[in-house]
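Using our numbering, read the sequence shown as starting at 17 and increasing by one per residue.
Backbone N, C-alpha and C fix where the C-beta goes; we use that ideal spot for every residue, glycine too.
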Amino acid sequence: MTTKRALVTGGAGFLGSHLCDALLADGYSVIAVDNLLTGRRSNLEHLRTEARFEFQESDINQPFDFGKVDYVFHFACPASPVDYMQHGIETLKVGSAGTFNALEAARKYGARYLVSSTSECYGDPLEHPQKETYWGHVNPIGPRSVYDEAKRFTEAATMAYHRYYKVDTRIVRIFNTYGPRMQLNDGRVIPNFMKQALRGEDLTVYGSGSQTRSFCYVSDEIEGFLRLAKSSEHLPVNIGNPSEFTILECAKRVLAVTGSKSTIRYEELPQDDPKQRCPDITKAKTLLGWEPKVNLDIGLQMSLEYFKKAVALDEASSKNPGKS
Ligand code: UDP
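Dropping the structure here:
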């Protein structure tokens, strides 16, 4: 039997790199493609000697062909609000041109295709928790629109390739996910709080901290992707943890796990920050037999070593800016 070959766009990112590991463990050979805008080589360092793994530093907004593949996992896109607002045009481009190129690769080789979409498709939702059938409440011209609308376009393009060209597509709507390999300085709430707690700095809670998010540990999230990849569902599926926390509660959990004496400082709430976010995962449970296993306290505990090392490395590199 020949080894199946999977292409992962955004393969050097937080989720992309964990996906590469899971696919290799599942017996695939893997080619990771990333332009390193927000992805990092260090996320793939441990695969340097893996014979079934290949890395291509390349921009998928340009047409590409890395040879025959059996599966395309399209994960390229800045994903933290700080990153996608800094790289707004790149985010829109990878959601449109990059998505067409990834879909074309799947079409050319008759490969299956799975794209990472997002709970941001629901915007600041008026339905709670969010089912896949909810069309969302998105500001199309606000600061987050570069991401939200890029991903909504990505979903539309994916469904069009499925309908018009019969490409065998899947769409996963990812809710807040955390764990090792998140960038310490990407501005997302868990890395921010972990970094602040470990350094003894104030934890910056935006607004009153009453807005909610539902946090999924990375191993649960990846397991959901693999199950969806093996299913025959073409419509979007939510993969996320339905345990909902206020951001203030999340700050307290981080303080408890780190044993930090940091205090909480309230800062201004960013524009269009969704007030609540929680997946209805009935579809994933029924269709894929999937549900998350790791609760927030355990997941934070499992992430602690990584964040301690990341803080130490960050401090060392700010003292010796030339070396990293
Ligand atoms: N947040 C916060 N302090 C921080 C970073 C984020 O209070 O230092 C809040 C942010 O306003 C949002 C939530 O935490 O309500 C999650 O933010 P994140 O950037 O992680 O992801 P989002 O779910 O907004 O895409």
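Scanning the region 233-283 for uninterrupted beta strand (DSSP E) segments of 3 residues or longer gives 253-255, 260-262 and 280-283, listed from N- to C-terminal end. Assignment of glutamate 143 by DSSP, reduced to helix, strand and coil, places it in the coil class. In the DSSP annotation of this structure, the continuous segment of the beta strand (DSSP E) that includes arginine 128 starts and ends at 128-134.
If you check the CB distance, isoleucine 263 and isoleucine 190 do not come in under 8 Å. A Cβ-Cβ separation of about 12 Å leaves alanine 113 out of contact with threonine 25 under the 8 Å criterion.
Between proline 94 and tyrosine 87 the beta-carbon gap is near 23 Å, outside 8 Å, which marks them as no contact. Secondary structure note for glutamate 120: it is in no beta strand (DSSP E), and the uninterrupted alpha helix (DSSP H) holding it is 115-125.
Rounded to whole angstroms, the Cβ separation of alanine 267 and phenylalanine 323 is 15 Å, and the two are not in contact under 8 Å.
Secondary structure note for aspartate 164: it is in no beta strand (DSSP E), and the uninterrupted alpha helix (DSSP H) holding it is 161-181.
Of the candidates Glu66, Gly29 and Ser33, Glu66 places its Cα closest to the Cα of serine 45.
Approximately 3 Å separates the beta-carbon atoms of valine 234 and glycine 195; this is inside 8 Å, confirming the contact. Between leucine 130 and arginine 68, the C-beta spacing is not below 8 Å. Taking the Cα positions, threonine 115 is about 37 Å away from glutamate 265. For aspartate 202, there is no enclosing beta strand (DSSP E), as DSSP marks it with neither H nor E. Inclusion of tyrosine 222 in the 7 Å shell around ligand 1 follows from its C-beta lying nearer than that to a non-hydrogen atom of the ligand. Excluding five sequence positions before and after proline 79, the CB atoms of its chain that fall closer than 8 Å to its own CB belong to Asn117 and Glu120, given in chain order.
Beyond the five residues adjoining it in sequence on each side, arginine 160 comes within less than 6 Å, by CB distance, of Asp288 in the same chain, given in chain order. DSSP, read as helix, strand or coil, puts glutamine 102 in helix. A residue is called buried once 16 or more other Cβ atoms fall within 10 Å of its Cβ, and tryptophan 151, having fewer, is exposed. If you check the C-beta of isoleucine 255 against ligand 1, you find no heavy atom less than 7 Å away. The shortest C-alpha to C-alpha distance from serine 96 to any of Pro156, Asp164, Asn155 and Arg57 is the one to Asp164. Comparing alpha carbon positions, the residue from Gly104, Ala213, Glu148 and Ser230 closest to alanine 326 is Ala213.
A check of alpha carbon separations from lysine 147 across Thr134, Arg269 and Pro156 identifies Thr134 as the nearest. The three-state secondary structure of glutamate 70, taken from DSSP, is strand. DSSP, reduced to helix, strand and coil, places isoleucine 206 within a helical segment of the structure shown.
The beta carbon of alanine 173 is closer than 7 Å to those of Thr115, Phe116 and Leu119 in its chain, skipping five residues each way along the sequence.
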